[in-house]
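J.:
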Amino acid sequence: MRRAKDIKWETVPIIELFDIQVAQSLQSLLTVDVGNPIKLIKNQFDLQRLSNLCRGPRPLPIMAIHDLLLSPWAIPIALSIFYLLPYFTSNTSIRSIPGPFAAKFSNLWLLLQARQGKRYLSVDEAHKKYGKLVRIQPDHVSIADDSAISAIYGHGNGFLKADYYDVFVSITRGLFNTRDRAEHTRKRKTVSHTFSTKSVSQFEIYMHGNLEIFVRQWDDLSKNAQGGFARIDSLHWFNYLAFDMIGDLAFGQPFGMLEKGKDITEIQLTPGGPITYAPAVEVLNRRGEVSGTLGCLPGLKPYAKYLPDPFFSKGLAAVQNLAGIATARVGQRLDGKQDTERVDLLARLMEGKDERGNPMGREELTAEALTQLIAGSDTTSNTSCAILYWVLKTPGVLQKLQRELDDAIPEGIDVPTFEMVKDLKYLNNVIQETMRIHSTSSLGLPRVVPPGAGVDILGHHFAPYTVLSVPAYTIHHSKEIWGANASEFVPDRWDSLTERQKNAFIPFSYGPRSCVGRNVAEMELALIVSTTFRRYQFDVYQDVLETREGFLRKPLECMVGIKKRV
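Residue numbering for the sequence shown follows this note's numbering, beginning at 5 and increasing consecutively.
(1) At a cut of 8 angstroms, does the stretch 518-528 reach the stretch 451-461 through at least three beta carbon pairs?
(2) Would you say Pro-468 touches the ligand ATP, meaning its beta carbon is less than 8 angstroms from a heavy atom?
(3) Please report the distance separating the alpha-carbon of Lys-266 from that of Tyr-244.
(4) Helix, strand or coil for Glu-4 per DSSP?
(5) Give every residue of the same chain whose Cβ lies closer than 7 angstroms to the Cβ of Gly-328, excluding the five residues on either side of it in the sequence, and list them in chain order.
(6) Answer with buried or exposed for Leu-44, where buried requires no fewer than 16 other C-beta atoms within 10 angstroms of its C-beta.
(7) Which word fits Ile-365, buried or exposed, when buried means at least 16 other C-beta atoms lie within 10 angstroms of its C-beta?
(8) Give the single residue among Glu-553, Ser-534, Arg-504 and Ile-566 whose Cα lies nearest to the Cα of Ser-154.
(9) Rounded to a whole number of angstroms, what is the C-alpha to C-alpha distance between Val-36 and Ala-321?
(10) Taking the straight line between their C-alpha atoms, what separation do you get for Lys-357 and Gly-213?
(11) In three-state terms, what does DSSP make of Asp-499?
(12) Given a threshold of 16 other Cβ atoms within 10 Å of its Cβ, counted over all protein chains shown, does Leu-353 qualify as buried or as exposed?
(13) Taking C-beta to C-beta, are Thr-421 and Glu-528 nearer than 9 angstroms?
(14) DSSP beta-bridge partners for Lys-567?
(15) Out of Ala-82, Glu-408 and Gly-416, which has the shortest C-alpha to C-alpha gap to Leu-431?
(16) Ile-101: which of His-465, Arg-346 and Asp-248 sits nearest, CA to CA?
(17) Output the boundary residues of the beta strand (DSSP E) element that contains Val-471.
(18) Can you tell me whether Ile-81 is buried or exposed, with buried defined as 16 or more other CB within 10 angstroms of its CB?
(19) How long is the line joining the alpha carbons of Ala-106 and Ala-78, rounded to whole angstroms?
(20) Would you call the stretch 227-246 in contact with the stretch 200-208, where contact means no fewer than 3 C-beta pairs closer than 8 angstroms?
(21) Apart from the five residues just before and just after Arg-538, which ones in its own chain have a Cβ nearer than 6 angstroms to its Cβ?
(22) In whole angstroms, what separates the C-alpha of Leu-116 from that of Val-395?
(23) What residue from Lys-404, Ile-441 and Gly-448 has the CA that sits closest to Leu-428's CA?
(24) By how many angstroms is the C-alpha of Ala-332 removed from the C-alpha of Asp-339?
(25) Beta-carbon separation of Thr-375 and Leu-179 under 9 angstroms?
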């Protein structure tokens, strides 16, 4: 180890002759290793004071720059500068905003919360500790106030999606992850007709077909229980149902999960490539978790597969496999291997044209179909599972819901039509209240302040290019907005909502980037919930609905007993 007394002071260009003489007179005191930072700093201060006495305020370094660069402390010092320098040189508009200490300097704090599957809870706890404005990344402020919803997500405000969404791109950019305003406008124009009221009404037949298989399977489970309750993990079955429904709509045929009673589907990594098989639900879950985590530090994505944590390598493989599912199914449709006369979601996407009259190419069509698979499966199954749990756990709700369904649905109908149930008041209350208390999309969706003058929210000025978000979970559980019983499941609250509560309810986001498939989701949920509770009795076997967050918040399981109602 090189010692300070061994340094040839004459070779240090920034030290003058007088400094050399002072330093040489003290060499006997300098027995500290250059590699020991604590002793090194102490000696540096000692020499600094002596130099000031001899030569004035000019500092006296004790080692050359090249010695520092070659020392074992070069990398830690460089990393410290990398994280600390931006804090002092940029984003002055948010420097005063409180938050977790590490979040002020690094994206790693938020990445760690996401990796642990609890980002929404960590951000919620931070708001309880620090207030409505919390700095959760060096350039990102979470705003837990409903007045910020329209300011950030509303029409005409100029906010764009943040680079968080870049990691969600796999085939090519789709409607969900495109960040360019003009490109989003083009895509939305091409896709939006697919989800018109008229188009969605034509999709109901495919939802019905899959619900009939679902009912047949649950009837068989009930019979095998011989009069008792058949014990099942309802989450699995809601996953199978949601995937088969969206598979039927987006790709021309279901995945066959309901028929098999298992999670399996075919994938094709490249058009014309070999067909293999993978568990689609598991693939989707892994993809959501790794993308939601890497979105906190997008620059890490190209290197994430080399990290020792298998969470990243397996998650990135899932991204490719999920794209392979879409590639295989769209390829079959385009190659004429499926019924081309079907009026389904994929058919509507194929009909879509931009302002120049151009349809989507194969790659873009596949990307949009993949977007619908992701948006229409996980969200539906998670919400259906949460509805079942909260209805069974809350006294009086099941009985009131079943009375309404019995009055509305004729005897002998296994699966009601949407027309029979779409206007049922308590059914809609139950669905809405579940989407509030169990926000499937619980995190704050990040948006970038546009160039120009910046924006003022809650009396604070945010400079251009600052990232802002409103945490849905925190807003949906705010006692200030929803009252003292905000953490309770109360469907009747929807009978007398205030304007503030209506505006603070954002399960489908808000503004021009809100969920384009909302009509489909609402139809699916109405049919699933009415079919399930009209036909079956239940017993619930767990006290808490444990969840984990990727991009979406999903239950881990929901163990119940089922049997057919008499």
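Even for Gly, the Cβ is constructed at its ideal location relative to N, Cα and C.
T.: On the basis of the coordinates in this document:
(1) no
(2) No copy of the ligand ATP occurs in the structure displayed, which carries no ligand at all.
(3) Going from the Cα of Lys-266 to the Cα of Tyr-244 covers about 7 angstroms.
(4) The requested residue 4 is not part of the displayed model; the chain covers only 5 to 570.
(5) Ile-271, Gln-272 and Leu-273
(6) Only weak support is given to the placement of Leu-44: the predicted model assigns it a pLDDT of 43, under 50, and the question is left unresolved by the model.
(7) Note that residue 365 is Gly in the sequence shown here, rather than Ile. So Gly-365 ends up on the exposed side.
(8) Here the closest residue by C-alpha is Arg-504.
(9) Low confidence applies to Val-36: its pLDDT is 44, below 50, so where it sits in the model is not reliable enough to give any reading.
(10) Straight through space, the alpha carbons of Gly-213 and Lys-357 are spaced by roughly 30 angstroms.
(11) helix
(12) buried
(13) no
(14) Gln-541
(15) Taking only the C-alpha atoms, the option nearest Leu-431 is Glu-408.
(16) His-465
(17) Looking at the DSSP string, the run of the beta strand (DSSP E) that includes Val-471 is 471-473.
(18) Exposed.
(19) 21 angstroms
(20) no
(21) Leu-409 and Ile-413
(22) 33 angstroms
(23) For Leu-428, the closest of Lys-404, Ile-441 and Gly-448 by C-alpha to C-alpha distance is Lys-404.
(24) 11 angstroms
(25) The answer is yes: Cβ separation under 9 angstroms.
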